[in-house]
Amino acid sequence: MRKTHLLIPLVSLLLVSIVLACASCGSPSFSTEQVKQLEDIVEETMTAQNIPGVIVGIWTPEGTWVKAFGKADIEKGTPISTDDRVRIASNTKTFVATVVLQLVQEGKLSLDDKLSKFVPSVKDADNITIRQVLQMTSGTFSFTEDEQFDKDFTADPLMKLTPEQEIEIANKHDNYFPPGQGYHYSDTNYEIAGLLIERVTDNKVEEEIQTRVIEPLGLGDTSFPETPDITGKHSKGYVLQDGELVDYSRVEPSVPWAGGAMISNLDDMKAWAEALASGSLLDKQMHAEQSKTVKMGEGPAGYGLGVLDVNGFWGHEGAIFGFNTIFLRDPDRDATFIVFTNQSTNSAGDATAIVTALIKVVYPEMGRK
17 MRKTHLLIPL VSLLLVSIVL ACASCGSPSF STEQVKQLED IVEETMTAQN IPGVIVGIWT
77 PEGTWVKAFG KADIEKGTPI STDDRVRIAS NTKTFVATVV LQLVQEGKLS LDDKLSKFVP
137 SVKDADNITI RQVLQMTSGT FSFTEDEQFD KDFTADPLMK LTPEQEIEIA NKHDNYFPPG
197 QGYHYSDTNY EIAGLLIERV TDNKVEEEIQ TRVIEPLGLG DTSFPETPDI TGKHSKGYVL
257 QDGELVDYSR VEPSVPWAGG AMISNLDDMK AWAEALASGS LLDKQMHAEQ SKTVKMGEGP
317 AGYGLGVLDV NGFWGHEGAI FGFNTIFLRD PDRDATFIVF TNQSTNSAGD ATAIVTALIK
377 VVYPEMGRK
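Using this note's numbering, read the sequence shown as starting at 17 and increasing by one per residue.
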């Protein structure tokens, strides 16, 4: 759920030169040598990091490659499949931000409205705007960085918390900076966004995402669960503890909630990546607002309204107990890269490192810049 800054140095430095990459490099399918390189990257990472299973999808004019590696269930020996559902963690934020932007274009709120109008319990709510919440520039402390919370949730992933309780945890800490004066990734921002949706619509955030995003796009394997279980055909999720893989498949969704509770599969995330990058569920003005980014750190990576942008690659990354997922989409190049792993902590995994290496194989020019 808590997203690390590994995404910035790993992806940013490699994508910085992609604007110079050839738009038509090679045949419509990857070469035997490229496929071997792609497979080696995944298999070597799995071995080095003790990852039971990985799902990869690459769709580009240069070629398409979709493959599953390893096991979905290590006890039963069940192979992982490309259609298995997984927890997508912080990729949930892209769905939540889209719903908020739809409410803005419907005139039900403004990006420059102060939080005190809707969620007054947040520290400094009188000075924080909705835009700052979505863009991680509010300065609000991330409840996931509270040491006691981290210990408690790791010990009991079935513990329950309300969004207001998570805000209370955040309020015990100093804000990172005054509103609008910096960037810091904070899961509290998207618990706030979830409450915002519910208070404006008088409806559950789960239902708003269902009717506004999932149903219009036909995402039949995507859901916002209300129980700890992953329903349907799915992979189990594992955490590596003291050298042993521990089953963390069941996670209470009230904790990650609007910041990271959703479940999906490869095909649905491909469809979502395309819709998000094209702005198909927003009008032109709202898509333009979502596209305005602030610097995340060194390098070209920027964070918009619930979406990462690195030199034209749109997407997000997510980590939660058992699963690490990332999707990146460049609409100009018609290129999409998605990686799921079924071993992760609540804050970091290896999907970003894998996708970065895969991109280098497809666009070798990037490795020479």
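The beta carbon of each residue, even a glycine, is placed where N, CA and C say it ideally should be.
Every value quoted in this text rests on a predicted model; they were computed, and no experiment measured them.
Please name the residue in V262, G259, E231 and E268 whose C-alpha comes closest to that of I246. Taking the Cα of I246 as reference, the smallest distance to any Cα among V262, G259, E231 and E268 is reached at E268.
Closer than 6 Å by C-beta to A335: which residues in its own chain qualify, once you throw out the five before and the five after it? Chain order, please. Around A335: A105, S360, S363, A364 and G365.
Name the DSSP bridge partner or partners of G79? Residue pairing of G79 in beta bridges, as defined by DSSP: T76.
Just the C-alpha distance for A64 and E161, rounded to the nearest angstrom, thanks. Straight-line Cα distance between these residues: approximately 27 Å.
Go through its chain and collect everything with a Cβ distance to G253's Cβ below 6 Å, but skip five positions before and after it. Short of 6 Å from the beta carbon of G253, and not among the five residues preceding or following it, lie these beta carbons of its own chain, in chain order: Y264, S265, G338, F339 and N358.
Between the alpha carbons of P272 and G331, how many angstroms are there, rounded? About 19 Å.
Pull the bridge partners of H250 from the DSSP assignment, please. BP columns for H250 point to R101.
Could you give the residue range of the beta strand (DSSP E) that holds N340? Its beta strand (DSSP E) spans residues F339 to D346.
Whose CA, out of T227, G155, T238 and I213, lies closest to the CA of G198? Nearest option by C-alpha distance: G155.
How is I146 classed by DSSP in three states: helix, strand or coil? Three-state result, I146: helix.
Drop a sphere of 10 angstroms on the beta-carbon of E214, count the other beta-carbons inside from all chains shown, and report buried for 16 or more, exposed for fewer. Per the 10 Å Cβ criterion, buried.
Can we say the stretch 51 to 58 touches the stretch 366 to 374, given the rule of at least three CB pairs closer than 8 Å? Cβ pair count under 8 Å is three or more, so yes.
Which whole-angstrom value is the C-beta distance of V355 and V70, which I expect to be below 8 Å? With a Cβ gap of about 7 Å, V355 and V70 count as contacting.
Nearest-angstrom Cα separation, counted from F193 out to Q151: Taking the straight line from one Cα to the other gives about 14 Å.
Pairwise C-alpha distance: V149 and P241: Cα atoms of P241 and V149: separation of roughly 24 Å, rounded to the nearest angstrom.
Where DSSP assigns a beta bridge to K130, which residues make up the other side? The partner list for K130 (beta bridge, DSSP) reads T145.
Along the beta strand (DSSP E) that carries L282, what are the first and last residues, could you check? Element bounds for L282: not the beta strand (DSSP E) but the alpha helix (DSSP H), L282 to S294.
Use the C-beta contact count for K311: other C-beta atoms within 10 angstroms, 16 or more gives buried, fewer gives exposed. Here K311 is exposed, its C-beta having fewer than 16 other C-beta atoms within 10 Å.
According to DSSP, simplified to helix, strand and coil, what is I67? Coil, per DSSP.
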